[in-house]
Amino acid sequence: MLESTKAQAHLFDALKAKGVKPLCKATAANELPTESEEEEEGEIEKTKDVGFKWSDVVWYNVLVLLSWHVGALYALLFVLPRCSLKELLVLWLVLWLVSGLGITAGAHRLWSHRSFKAKRPLRVFLMLSNSMAFQGSIFEWARDHRVHHKGSDSTADPHDSQRGLFFSHMGWIMLRKHEDVRAAGKTLDFTDLLADPVVTFQTRHYGKLAFLMCYFVPTAMGSCLFSSASSGFWVGGIFRHVWVLHMTWMVNSVAHFFGYKPYDLKIRAVENLFVALGALGEGYHNYHHKYPSDYATSEWGILSGQYNPTKAFIDFCALIGQAYDLKRSRTAAKTRDVVAKQVNEELMKSGTSQTISWWDSQISQLCFGKSETQIF
């Protein structure tokens, strides 16, 4: 995530010149794989003991992460208490939403999974929003995420949850990638990213774009809107940046440890409402790992009572003609019913009371008696 811009450019050019092995039939920048082409994750394999070596520590990353967190702590203790409610609303919450969408709708749902297509204005907006999030270029983010799905919760997973909560949250950024991660990456297809002019532009200018969007723009907003460049930098820049980092990282960590599994009992990914709140709807992780190419990453959405602002944003973009070919699973409800039956049978055998809530079983009927899939 913290590689230099020059190193990113060299890596990008080398991959483009070398070519890659296809993962699926889709090769165009926005072409989507069909649901039948998705590879479902199987039984969890126990991660072999990889141990810890000081030689694996990337000290540059450690120092950068430490400096960001020291800055965020300073902002939390000494700057936020002096800010007005309007300043917090704009510099923290609004920029949290904008930069968060650059990850959830952009790097994740559009570029990693190709779960919908987007016209150029939306792609540029998501690229700039992604730069504001400062979590690595779109190419890096999508590359690592595709590897994550390829080897989820194994040594081939960049943030393997079986190596612990801290490792899967942020420790993985501080260590060199496991050899299995690098090997898995060589089997995947990145030609769509290499052929995307918006992605290539960001990759070549990532350092400048990240500092411009992540720090300069919030500072300028603070100065112009509230006559306080300091608030803009510390709250809209430093604190908001670290906040969004942790909201994103919780998907890799918390959503692989704490929650329930209504769609696939065999995998570690779980549903976690707290993560969904922080990561703009990305907390329905059991669903996402079962149906990775579904643009919603959840069975329902806000209109059906399920908090998923990223889906709402993509739906709005579709209404105004900026997003199209939204990919959706049509088998989720049947899968959920099968899993619920399995859970109920096990509960009856053990004499345990029912733990699946009425809300979970009825949520699809909350939108005026219709499933949201009938609307979008």
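Mapped onto the UniProt record's numbering, the consecutive letters of the sequence shown carry residue numbers 1 to 376.
Each residue gets a CB set at the ideal place from its N, CA and C atoms; glycine is no exception.
On a predicted model such as this, the values are computed, not experimentally measured, just so you know.
Would you call the region 189 to 202 and the region 280 to 292 in contact, with 3 or more CB pairs under 8 Å?
A contact is defined here as three or more CB-CB pairs under 8 Å, and the region 189 to 202 fails this definition with respect to the region 280 to 292.
P22 to D189 span [Cα, whole Å]:
For P22, the predicted model reports a pLDDT of 35, less than 50, meaning its position is unreliable and no value from the coordinates is stated.
Rounding to the nearest angstrom, what Cα-Cα distance links F78 and L89 in this structure?
For F78 and L89, the distance between alpha carbons rounds to 17 Å.
Are at least three pairs of beta-carbons, each pair with one atom in the region 115 to 131 and one in the region 309 to 329, less than 8 Å apart?
A contact exists between the region 115 to 131 and the region 309 to 329.
Tell me where the alpha helix (DSSP H) around Y74 begins and ends.
DSSP places Y74 in the uninterrupted alpha helix (DSSP H) bounded by 59 to 74.
If you run the structure through DSSP and keep just helix, strand and coil, what is I375?
Interpretation of I375 is limited by its pLDDT of 35, a score under 50 that renders its predicted location unreliable; the figure taken from the coordinates is listed afterwards. For I375, the three-state secondary structure derived from DSSP is coil.
Using a Cβ-Cβ cut-off of 6 Å (strictly less than) and excluding sequence neighbours within five positions of residue 384, which residues of its own chain qualify?
Nothing about residue 384 can be read from this structure; the chain reaches only from 1 to 376.
Over what stretch of residues does the alpha helix (DSSP H) that includes Q322 continue unbroken?
Unbroken run through Q322: none, as it is neither H nor E.
For E31, count neighbouring C-beta atoms within 10 Å of its own C-beta (all shown protein chains included) and say buried if the count is 16 or more, exposed if not.
With a pLDDT of 37 at E31, under the threshold of 50, the modelled position of that residue is not reliable, and no figure is offered here.
Distance, L65 Cα to V58 Cα:
For V58 and L65, the distance between alpha carbons rounds to 11 Å.
Whole beta strand (DSSP E) elements within the region 80 to 167, 3-residue minimum:
Taken in chain order, the region 80 to 167 contains no complete beta strand (DSSP E) segment of 3 residues or longer.
Residue burial classification, residue 449 (beta-carbon count within 10 angstroms, cutoff 16):
In this structure the chain extends from 1 to 376, so residue 449 is not present and cannot be described.
For residue 391 versus N252, is the C-beta spacing smaller than 8 Å?
No answer is possible for residue 391: the residues shown for the chain start at 1 and end at 376.
Taking all protein chains shown into account, do 16 or more other C-beta atoms lie within 10 angstroms of the C-beta of P81, making it buried, or fewer, making it exposed?
The residue is exposed, with fewer than 16 neighbouring Cβ atoms inside 10 Å.
Rounded C-alpha distance that separates D294 from S227
C-alpha separation (whole angstroms): 43 Å.
Given this structure, state the Cα-to-Cα distance separating A210 from A340, to the nearest angstrom.
So the alpha carbons of these two residues sit roughly 44 Å apart.
Return yes when the Cβ of A276 is within less than 8 Å of the Cβ of H256, no when it is not.
It is not a contact, given that the beta carbons lie outside the stated cut-off.
C-beta atoms of W243 and W141 nearer than 8 Å:
The answer is no: Cβ separation not under 8 Å.
What does the Cβ neighbour count give for F166, buried or exposed, with the cut at 16 atoms within 10 Å?
So F166 counts as exposed.
When DSSP labels each residue in this structure, what does L175 get in the three-state scheme?
Residue state, collapsed to three classes: strand.
Which whole-angstrom value is the C-beta distance of R163 and V50, which I expect to be below 8 Å?
Confirmed, Cβ separation roughly 7 Å.
Label F139 either buried or exposed according to how many other C-beta atoms from any shown protein chain fall within 10 Å of its C-beta, with 16 as the threshold for buried.
Per the 10 Å Cβ criterion, buried.
When you compare each of S84, E87, A133 to T248 by their alpha carbons, which one comes out closest?
Shortest Cα-Cα distance from T248 to any of S84, E87, A133 involves A133.
Integer-rounded CB distance, given that R109 should sit under 8 Å from T310:
The distance from the Cβ of T310 to that of R109 is about 7 Å, consistent with a contact at the 8 Å cut-off.
Residue closest to G237, alpha-carbon to alpha-carbon, out of N272, L212, D337:
Scanning N272, L212, D337 for the CA closest to the CA of G237 turns up L212.
With burial defined as no fewer than 16 other Cβ atoms inside 10 Å of the residue's Cβ, what is the status of S84: buried or exposed?
So S84 ends up on the exposed side.
Are the CB atoms of S231 and L91 nearer to each other than 8 Å?
Contact: yes.
List the DSSP bridge partners of Y260.
DSSP, once it has assigned bridges, lists E271 as partnering Y260.
What residues in its chain sit with their C-beta under 8 Å from that of V124, if we drop five residues either side in the sequence?
Sequence-distant Cβ neighbours of V124 in its own chain, meaning closer than 8 Å and more than five residues away, are V198.
Go through its chain and collect everything with a Cβ distance to T219's Cβ below 8 Å, but skip five positions before and after it.
Here the set comprises A229, G232, F233, G236, G237.
Can you tell me whether Y284 is helix, strand or coil according to DSSP?
Correct three-state label for Y284: strand.
Taking the alpha-carbon of residue 386 as reference, which of D325, W111, L63 has the nearest alpha-carbon?
Residue 386 cannot be examined here, being either before or after the span of the chain that is shown, 1 to 376.
I need the boundaries of the alpha helix (DSSP H) containing N252, first residue and last residue.
Taken as a continuous stretch (DSSP letters only), the alpha helix (DSSP H) holding N252 covers 240 to 252.
Mind checking C214: buried by the 16 CB within 10 Å criterion, or exposed?
That one is buried.
Measure the beta-carbon distance from residue 394 to G281 and round it to whole angstroms, keeping in mind my assumption that it falls under 8 Å.
Any question about residue 394 goes unanswered here, given that the chain covers just 1 to 376.
Out of K86, H69, A75, which has the shortest C-alpha to C-alpha gap to L225?
The shortest C-alpha separation from L225 is found at K86.
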